[in-house]
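Residue numbers (the working numbering): 594 to 765.
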């Protein structure tokens, strides 16, 4: 693969991973390894943010963690990094993995091909969020861009999950 080249998922691609409560990878399916370009030993025990692309605003991850801390599942569009510097977009579903006693065992993530019309829209939002983050201190940046996204959702007149449903319905 060429550095910076996009890997597009097919309709049948399903990427699966599990992490411990600290976000370290405990399981990665073969398709995840193929798309991301890592062998299993290179992933297991590593923080999941190993594949975090610089084009992803930290505010999106702030929303993700706020959602997961409430023991709710998170849905979202994520641009990930491949081992050779390429990238791939996914529509992610991340769920807390709870034990029988409701304690946190870790997180379970399933990713699939995104709607590229939605990716085009969220890419614009992410650019604005990155701009906001660049004007803030490192400690304030995630919250500042998260608050901008939260306001953007309010302006749409719906919940975050309803907004995602609308984006998924866009024609590609």
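Just so it is clear, CB atoms sit at the ideal spot from N, CA and C, and this is done for glycine as well.
The structure presented is a predicted model; accordingly, all values stated were derived computationally and were not measured.
Alpha carbon of residue i to alpha carbon of residue j, nearest angstrom
i           : j           : result
residue 651 : residue 734 : 7 Å
residue 696 : residue 618 : 18 Å
residue 648 : residue 715 : 11 Å
residue 753 : residue 745 : 10 Å
residue 614 : residue 659 : 14 Å
residue 598 : residue 677 : 9 Å
residue 606 : residue 665 : 24 Å
residue 738 : residue 729 : 9 Å
Three-way DSSP call (helix, strand, coil) for residue i in this model
i           : result
residue 653 : helix
residue 759 : helix
residue 764 : coil
residue 736 : helix
residue 747 : helix
residue 599 : strand
Per DSSP, the bridge partner or partners of residue i
i           : result
residue 611 : 620, 701
residue 640 : 617
- Query: Would you say the segment 685-692 touches the segment 755-765, given that touching needs at least three Cβ pairs under 8 Å?
  - Reply: no
- Task: Could you tell me whether the segment 628-645 touches the segment 712-730, using the rule of 3 or more Cβ pairs below 8 Å?
- Result: no
- For the segment 659-726, which segments carrying the beta strand (DSSP E) assignment without a break, of at least 3 residues, lie completely within its bounds, in sequence order? 667-674, 680-691, 697-705
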